[in-house]
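K.L.:
So the sequence shown is numbered by the numbering used here: it starts at 33 and just counts up by one.
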Amino acid sequence: MKTVGIVGGGQLGRMLAMAAARLSIRTVVLEPQADCPAAQVANHHIVAAYDDAEALAELARRSDVITYEFENVPEESATRLAADRPVYPPPLALSVSQDRLTEKTFLNDCGIPTAGFRAVDNLDDLKAALAAFGGRGVLKTRRFGYDGKGQWVFSGTEDDPAAAFAALAGAPAIFEEWIDFEREISVIAARGLDGALICFDPAENEHREGILRVSRVPARITDAVASEARGHAARLLSALDYVGVLGLELFVDREGGLIANEFAPRVHNSGHWSEAACAVSQFEQHIRAVVGLPLVDPARIADCVMHNIIGDDMEKVPDWLKTAGARVHLYGKAESRPGRKMGHVTVVESRRNG
Ligand code: ATP
Ligand code: MG
Ligand code: MG
Numbered sequence: 033m034k035t036v037g038i039v040g041g042g043q044l045g046r047m048l049a050m051a052a053a054r055l056s057i058r059t060v061v062l063e064p065q066a067d068c069p070a071a072q073v074a075n076h077h078i079v080a081a082y083d084d085a086e087a088l089a090e091l092a093r094r095s096d097v098i099t100y101e102f103e104n105v106p107e108e109s110a111t112r113l114a115a116d117r118p119v120y121p122p123p124l125a126l127s128v129s130q131d132r133l134t135e136k137t138f139l140n141d142c143g144i145p146t147a148g149f150r151a152v153d154n155l156d157d158l159k160a161a162l163a164a165f166g167g168r169g170v171l172k173t174r175r176f177g178y179d180g181k182g183q184w185v186f187s188g189t190e191d192d193p194a195a196a197f198a199a200l201a202g203a204p205a206i207f208e209e210w211i212d213f214e215r216e217i218s219v220i221a222a223r224g225l226d227g228a229l230i231c232f233d234p235a236e237n238e239h240r241e242g243i244l245r246v247s248r249v250p251a252r253i254t255d256a257v258a259s260e261a262r263g264h265a266a267r268l269l270s271a272l273d274y275v276g277v278l279g280l281e282l283f284v285d286r287e288g289g290l291i292a293n294e295f296a297p298r299v300h301n302s303g304h305w306s307e308a309a310c311a312v313s314q315f316e317q318h319i320r321a322v323v324g325l326p327l328v329d330p331a332r333i334a335d336c337v338m339h340n341i342i343g344d345d346m347e348k349v350p351d352w353l354k355t356a357g358a359r360v361h362l363y364g365k366a367e368s369r370p371g372r373k374m375g376h377v378t379v380v381e382s383r384r385n386g
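#1: Give the straight-line distance between the Cα atoms of serine 109 and isoleucine 217, rounded to the nearest whole angstrom.
#2: Tell me where the beta strand (DSSP E) around valine 219 begins and ends.
#3: Between which two residues does the alpha helix (DSSP H) containing methionine 47 stretch?
#4: For valine 119, which residues of its own chain have a beta-carbon under 7 angstroms away from its beta-carbon, when the five flanking residues on both sides are left out?
#5: Note the first and the last residue of the continuous beta strand (DSSP E) segment covering asparagine 104.
#6: Looking at isoleucine 206: is its Cβ nearer than 9 angstroms to the Cβ of arginine 248?
#7: Taking the CB atoms as reference points, tell me whether arginine 372 and isoleucine 342 lie closer together than 9 angstroms.
#8: At the level of alpha carbons, what is the spacing between glycine 386 and alanine 309?
#9: List the DSSP bridge partners of phenylalanine 207.
#10: Report the three-state DSSP secondary structure of isoleucine 253 (helix, strand or coil).
#11: Across the region 255 to 265 and the region 218 to 229, are there enough close Cβ pairs to call them in contact, namely three or more that are closer than 8 angstroms?
#12: Within 8 angstroms: the Cβ of glycine 188 and any heavy atom of ligand 1?
#13: What does tryptophan 184 pair with, by DSSP beta-bridge criteria?
#14: Under three-state DSSP, which class holds phenylalanine 283?
#15: Please give the ranges of any alpha helix (DSSP H) in the region 56 to 138, keeping only runs that are unbroken, at least 4 residues long and fully inside the region.
#16: Given aspartate 83, which residues of its chain have a CB within under 7 angstroms of its CB, disregarding the five upstream and five downstream residues?
#17: Does the beta-carbon of glutamate 241 have 16 or more other beta-carbons within 10 angstroms, so that it is buried, or is it exposed?
#18: Compute every distance between the C-beta of leucine 244 and the non-hydrogen atoms of ligand 1, then say whether any falls below 8 angstroms.
#19: Once DSSP output is grouped into helix, strand and coil, what is the label at glycine 386?
#20: Going by DSSP, what residues sit across from lysine 373 in a beta bridge?
#21: Is the beta carbon of alanine 147 sitting closer than 9 angstroms to the one on isoleucine 211?
#22: The beta strand (DSSP E) spanning phenylalanine 197 covers which residue range?
#23: Confirm the yes/no value for this check: CB of isoleucine 211, any heavy atom of ligand 1, distance under 8 angstroms.
#24: Under a three-way DSSP split, which group does alanine 292 fall into?
#25: Is any non-hydrogen atom of ligand 2 found closer than 8 angstroms to the C-beta of glutamate 396, if you look at the structure I gave you?
#26: What are the start and end residues of the alpha helix (DSSP H) that includes alanine 321?
#27: From glutamate 209 to phenylalanine 176, what distance separates their C-alpha atoms?
#28: From the DSSP output, in three-state form, read off glycine 37 for me.
#29: Taking the DSSP output, what are the residues bridged to leucine 278?
#30: Based on Cα-Cα distance, which residue from Arg286, Pro204, Glu281 and Gly276 lies nearest to threonine 254?
#31: Counting only the same chain and skipping the five closest in sequence on each side, list residues whose C-beta sits under 7 angstroms from that of phenylalanine 283.
#32: Excluding the 5 residues flanking aspartate 116 on each side, which residues of the same chain have their C-beta closer than 6 angstroms to its C-beta?
#33: Quick check: is the beta carbon of proline 330 nearer than 9 angstroms to any beta carbon in chain D?
#34: Go through its chain and collect everything with a Cβ distance to valine 299's Cβ below 8 angstroms, but skip five positions before and after it.
#35: Between arginine 267 and the rest of its own chain, which residues show a CB-CB distance below 8 angstroms, the 5 nearest in sequence each way excluded?
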C-alpha cells in the first residue's frame with residue numbers, strides 16, 4: 033500500500049486525504065497546527081513547522097511520494113524533500129508561482145498572455161507604472177498574497193500612491209494593468225508521470241472582496257474560448273514538466289480574449305465542484321497523478337454551481353442540508369471567522385427529466 037506525504041494540513045490536504053483513502057492509499061500530513069482539517073482524515077500527522085529539518089526527514093521516511101496543498105511551501109523544504117523522495121508537482125512549479133513577477137514572466141514565455149505588469153521596488157516605480165497604465169490597475173505584493181490580501185486597487189481617481197506604497201512595508205511588489213473583464217474562468221488540469229494530460233471543464237468564477245464565492249460549470253464561454261483555455265493550461269503544464277493537478281485562473285475580456293491572472297500548483301477551490309459532478313474529482317486525479325495511476329477523463333455528469341461557505345455563511349448550512357441536489361462539504365474547522373473558508377456546497381442540476 034502506497035503512502036503519500038502531504039505538506040500542509042488545510043481543507044485541500046483534507047480532501048486529498050479523503051480521495052486517497054478511497055483508493056486504499058495512505059496519507060501523512062506535515063502541519064504545525066495540531067487540530068487541522070487534514071489531520072482529522074489522514075493516517076498520520078506530523079505536528080511541526082514546514083521547514084523543520086527533522087520533521088521533513090520523517091515525512092520523507094514515512095512516504096513513497098510527496099505532494100503539497102499550498103503554494104507557499106518553503107523552497108528549501110521542497111528541495112530537501114526532493115533529495116529523498118519524488119516531490120510532485122515539481123519544486124519548479126513552486127518557485128515560479130511563489131512570486132507574481134516570475135509567474136507572469138513564465139506565463140508570457142509559454143505564449144500565455146497576462147495583464148501588463150511592472151516590478152515596483154520604490155515609489156517612483158509605482159508612479160511610473162501608474163503613468164504607463166493610465167492610472168488604473170492593482171498593486172500586489174509579489175509573494176504570499178491569497179484571497180486578495182496584499183492588494184491595492186487604483187481606479188484612476190482619488191488614489192494615494194504614497195499611502196499604498198507605505199502599506200507594502202518594504203515588501204517587493206508588482207503593479208498590474210487593470211483588466212476590464214467580462215468574466216473570470218479557471219481551468220483545472222492534470223498531467224501524469226507519463227505526460228498524459230486531462231482538463232476539467234472550465235469553471236466560471238465569481239469573486240467578492242478578493243475571495244472566490246461561486247463557481248459555475250459550464251462557464252458561459254464559446255467552445256473556441258474553452259479550447260484555447262485548455263491549450264494554455266496544456267502549454268503551462270508541459271513547460272513545467274508538471275505532475276499533478278494545477279489551477280489556472282484566467283480573465284475573459286470583452287472581445288473573448290483570454291488573459292491569465294495566476295496559477296496555483298495544487299488542487300484549486302474553483303475545482304471543488306468536481307467531487308459532486310464528475311466521476312473522478314480533482315482530488316482523486318491529483319492522487320492518481322502523483323502515485324502514477326492512470327489519469328482518466330473526469331466525465332462530468334451534471335451542470336452545477338459551487339458556493340463557498342465563508343464565515344457567517346455557516347448559518348445557511350441547515351438550509352443547504354434540506355436542499356435537494358446540494359452536496360454539503362464542511363472542513364471540520366471549530367471556529368468560523370469573517371473571511372474564513374469553512375466549507376462549500378455544490379448544487380448539481382438533476383438530469384432526470386432531461
Ligand atoms: P487567490 O486566493 O485566488 O490566490 P490572490 O490573492 O492571489 O487570490 P488574485 O487572484 O491576483 O489574488 O486577485 C483576486 C481577484 O482580484 C481576481 O480573481 C480578480 O477578480 C481581481 N483582480 C486581480 N487582478 C486584477 C486585474 N489586474 N484586473 C482586474 N481585476 C483583477
Ligand atoms: Mg493567488
Ligand atoms: Mg487568484
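Each residue gets a CB set at the ideal place from its N, CA and C atoms; glycine is no exception.
Values in this document were obtained by computation on a predicted structure and should not be read as measured data.
P.N.:
For this structure:
#1: Here residue 109 refers to the residue found at position 77 when the sequence shown is read from its first residue. Here residue 217 refers to the residue found at position 185 when the sequence shown is read from its first residue. One C-alpha to the other measures close to 32 angstroms.
#2: Working through the sequence shown from its first residue, we reach residue 219 at position 187. In the DSSP annotation of this structure, the continuous segment of the beta strand (DSSP E) that includes valine 219 starts and ends at 215 to 223.
#3: Stepping through the sequence shown from its first residue, residue 47 is reached at position 15. From DSSP, the alpha helix (DSSP H) with methionine 47 extends over 43 to 54.
#4: Counted from its first residue, the sequence shown places residue 119 at position 87. So the qualifying residues of the chain are Ile98, Ala110 and Leu113.
#5: For the purposes of this step, residue 104 is identified with residue 72 of the sequence shown, where counting begins at 1. Note, asparagine 104: premise wrong, no beta strand (DSSP E); not H, not E.
#6: Here residue 206 refers to the residue found at position 174 of the sequence shown. Here residue 248 refers to the residue found at position 216 of the sequence shown. For the pair isoleucine 206 and arginine 248, the CB atoms are not nearer than the 9 angstroms cut-off.
#7: Your numbering for residue 372 matches position 340 in the sequence shown. Your numbering for residue 342 matches position 310 in the sequence shown. Contact: yes.
#8: As a first step, residue 386 must be located in the sequence shown, where it is residue number 354. As a first step, residue 309 must be located in the sequence shown, where it is residue number 277. Residue placement at glycine 386 cannot be trusted, given a pLDDT of 46 that sits under 50; what the coordinates show is reported in the next sentence. Going by the C-alpha atoms only, they are around 16 angstroms apart.
#9: Along the sequence shown, read from residue 1 onward, the residue named residue 207 stands at position 175. DSSP, once it has assigned bridges, lists Arg150 and Leu171 as partnering phenylalanine 207.
#10: As a first step, residue 253 is located in the sequence shown; it is residue number 221 there, counting from the start. Under the three-state reduction of DSSP, isoleucine 253 is assigned to coil, being neither helix nor strand.
#11: Verdict: yes, contact present.
#12: Start at 1 with the first residue of the sequence shown, and residue 188 comes out as number 156. Checking every heavy atom of ligand 1 against the Cβ of glycine 188, none is found closer than 8 angstroms.
#13: On the sequence shown, position 152 is the one that residue 184 refers to. For tryptophan 184, which the question treats as bridged, DSSP gives the partners Leu171.
#14: The residue you call residue 283 lines up with position 251 of the sequence shown. In this structure, phenylalanine 283 counts as strand in the three-state DSSP scheme.
#15: As far as the region 56 to 138 is concerned, its whole alpha helix (DSSP H) runs of at least 4 residues are 85 to 94, 107 to 116 and 123 to 129.
#16: Mapped onto the sequence shown, residue 83 falls at position 51. Excluding its 5 nearest sequence neighbours in each direction, aspartate 83 has C-beta neighbours in its own chain below 7 angstroms: Pro106, Glu108 and Ser109, listed in chain order.
#17: Residue 241 sits at position 209 when you count from the first residue of the sequence shown. The residue in question, glutamate 241, is exposed, as its Cβ has fewer than 16 Cβ neighbours within 10 Å.
#18: Locating residue 244 in the sequence shown gives position 212, where the first residue counts as 1. Remark: the C-beta of leucine 244 is in contact range of ligand 1, defined as less than 8 angstroms to any heavy atom.
#19: Walking along the sequence shown from the start, residue 386 turns up at place 354. For glycine 386, the predicted structure reports a pLDDT of 46, less than 50, and the residue's modelled location is therefore unreliable. A value from the coordinates is still provided. Looking at glycine 386 - three-state DSSP - the assignment turns out to be coil, as it is neither helix nor strand.
#20: By 1-based counting over the sequence shown, the position of residue 373 is 341. Bridge partners of lysine 373 according to DSSP: Ile342.
#21: Within the sequence shown, residue 147 is the residue found at index 115, counting from 1. Within the sequence shown, residue 211 is the residue found at index 179, counting from 1. In contact: alanine 147 and isoleucine 211 (Cβ atoms closer than 9 angstroms).
#22: Taking the sequence shown and counting its residues from 1, one reaches residue 197 at position 165. Segment 193 to 199 is the alpha helix (DSSP H) holding phenylalanine 197; no beta strand (DSSP E) there.
#23: Indexing the sequence shown from 1 puts residue 211 at position 179. For isoleucine 211, the Cβ falls inside the 8 angstroms cut-off from some heavy atom of ligand 1.
#24: Position 260 of the sequence shown, counted from the start, is the residue given in the question as residue 292. In this structure, alanine 292 counts as strand in the three-state DSSP scheme.
#25: One cannot answer for residue 396 here, as it falls past the ends of the chain, which runs 33 to 386.
#26: Walking along the sequence shown from the start, residue 321 turns up at place 289. Run containing alanine 321: 314 to 323, per the alpha helix (DSSP H) assignment.
#27: Counted from its first residue, the sequence shown places residue 209 at position 177. Counted from its first residue, the sequence shown places residue 176 at position 144. Rounded to whole angstroms, glutamate 209 to phenylalanine 176 spans 20 angstroms at the Cα level.
#28: In the sequence shown, residue 37 corresponds to position 5, counting from 1. Reduced to three states, the DSSP call for glycine 37 is strand.
#29: Reading the sequence shown from its first residue, position 246 is the one you call residue 278. Bridge partners of leucine 278: Ala221.
#30: For the purposes of this step, residue 254 is identified with residue 222 of the sequence shown, where counting begins at 1. Answer by Cα proximity: Arg286.
#31: Position 251 of the sequence shown, counted from the start, is the residue given in the question as residue 283. When the five nearest sequence neighbours on each side are left out, the beta carbons in the same chain lying within less than 7 angstroms of the beta carbon of phenylalanine 283 are those of Ile211, Phe213, Glu216, Ile291 and Asn293, in order along the chain.
#32: Residue mapping note: residue 116 aligns to position 84 of the sequence shown, counting from 1. Ala92, listed in sequence order.
#33: The chain inventory of the structure shown lacks chain D, comprising one protein chain alone.
#34: The residue you call residue 299 lines up with position 267 of the sequence shown. So the list reads Leu44, Met47, Leu48, Glu101, Ile220, Val277, Gly279, Gln314, Phe315 and His318, once near-sequence residues are dropped.
#35: Translated into the one-based positions of the sequence shown, residue 267 becomes position 235. Only Cys142, Gly143 and Ile144 meet the Cβ criterion.
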